[in-house]
Amino acid sequence: MIQHIKNHAANVLTSANLFCGCMALHYVSQGLFNHVMALVIVAGVFDFFDGYVARALKSTSNIGKDLDSLADMVTFGVVPAYALYKIMDYNQAMQSSTNYEAVYDVAPVAFILAVFSAIRLANFNNDARQATGFIGVPTPANCLFIIALATLYHNNTSAIAPFLHNNYVITGLVLLTSSWLLWELPLLALKFKTYDWATNKYKYILVLLCALSIATLGILGVAVAMVIYVVLSIISTLNNNQKI
30 MIQHIKNHAA NVLTSANLFC GCMALHYVSQ GLFNHVMALV IVAGVFDFFD
80 GYVARALKST SNIGKDLDSL ADMVTFGVVP AYALYKIMDY NQAMQSSTNY
130 EAVYDVAPVA FILAVFSAIR LANFNNDARQ ATGFIGVPTP ANCLFIIALA
180 TLYHNNTSAI APFLHNNYVI TGLVLLTSSW LLWELPLLAL KFKTYDWATN
230 KYKYILVLLC ALSIATLGIL GVAVAMVIYV VLSIISTLNN NQKI
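Under the working numbering, the letters of the sequence shown match residues 30 to 273, in that order.
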């Protein structure tokens with residue numbers, strides 16, 4: 030019985046991630062992006078700990094790995110793509126009602142993000158280089174960035190919100206966030222073999238700056254944290270290359 034629990038503990042967390050993703054899809058359809066944001070964060074916690082639990086209990090398996098990818102595809106691939114689709118669809122409706130003229134339906138462009146997320150997850154599963162770090166932006170971070178922007182759009186409380194009412198801007202966002210998933214650029218991962226400062230200084234700086242960003246800027250800070258993550262990762266890579 031105990032062994033059975035150990036074997037499936039990580040899968041329970043992965044399934045909880047998937048459930049949160051499905052609920053997030055429901056709330057995207059309702060336009061309740063604050064709920065979506067909360068569910069994506071909770072799903073991210075489940076996603077972080079399922080791998081940790083699997084390693085700690087020595088219960089890693091191919092089924093668990095596949096289930097994790099499927100859950101991540103829904104939560105961190107389909108959810109942000111659908112959120113951008115809903116925003117673009119709403120923008121089109123507003124433009125049509127204001128201008129009283131036909132508006133081209135460009136909203137489905139948003140689902141390019143879902144396709145690239147699937148490719149990103151497949152690459153991750155088959156790329157030995159990503160055992161201790163990431164090559165390209167990970168899907169959970171990408172999802173948080175997009176949902177943070179979607180929440181700002183919905184709440185209309187940030188200076189950047191008006192820009193998101195332009196579907197050209199959203200299309201650019203789709204292309205950017207899709208492409209950086211597949212960047213051949215090493216990015217930081219919060220995985221530790223040791224905890225000394227010299228080895229992990231960029232990881233500690235990342236955690237500190239992201240925490241300060243979110244604490245001071247709220248939801249906008251989540252989006253800013255993504256920019257910090259990419260920039261700090263580039264600095265870390267350049268610094269490591271200089272040492273070599």
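All C-beta atoms, glycine included, are put in the ideal place defined by N, C-alpha and C.
Consult DSSP for residue i and reduce its assignment to one of helix, strand or coil.
i	result
L216	strand
F78	helix
I273	Annotation note: pLDDT 47 at I273 (below 50); position unreliable, no value reported.
I116	helix
I287	With the chain represented from 30 up to 273, any question about residue 287 goes unanswered, as that position is not in the structure.
I189	coil
F163	strand
T223	coil
V135	coil
G106	helix
V260	helix
G50	helix
Between the alpha carbons of residue i and residue j, how many angstroms are there, rounded?
i	j	result
I248	T180	8 angstroms
I116	A122	10 angstroms
Q59	Y111	12 angstroms
H55	H64	10 angstroms
A177	M66	7 angstroms
L99	N46	10 angstroms
V71	Q124	35 angstroms
N184	E213	35 angstroms
L267	L217	12 angstroms
N276	P215	Summary: the structure shown does not reach residue 276, with the chain confined to residues 30 through 273, and so no result is reported for it.
A244	F192	24 angstroms
I273	I264	Caution is warranted here: a pLDDT of 47 is assigned to I273, below 50, making its placement in the model unreliable, and no coordinate value can be reported.
S146	F221	25 angstroms
M102	A143	8 angstroms
Report yes if the C-beta distance between residue i and residue j is below 7 angstroms; otherwise report no.
i	j	result
T43	D97	yes
L113	A139	yes
L210	R149	yes
L261	L235	yes
I141	S208	no
N196	V135	yes
G283	N40	This structure does not reach residue 283, given that the chain is present from 30 up to 273, and the question cannot be answered.
H194	N91	no
Y182	A188	no
Return the first residue and the last residue of the alpha helix (DSSP H) that residue i is part of.
i	result
G201	196-208
G348	The question about residue 348 has no answer, for the chain in this structure spans 30 to 273.
P169	168-184
V144	141-154
I want to check one thing, is the minimum distance from the CB of residue i to the heavy atoms of the ligand ZN below 6 angstroms?
i	result
L173	In terms of ligand content, the structure shown is empty, and the ligand ZN therefore cannot be addressed.
Cβ contact (3+ pairs, closer than 8 angstroms) linking the stretch 103-110 and the stretch 50-65: yes
Cβ contact check for the stretch 249-265 and the stretch 168-176: 3 or more pairs under 8 angstroms: yes
Any 3 or more C-beta pairs closer than 8 angstroms across the stretch 193-203 and the stretch 215-230: no
Touch test, the stretch 238-247 against the stretch 152-159, Cβ-Cβ under 8 angstroms, three pairs minimum: no
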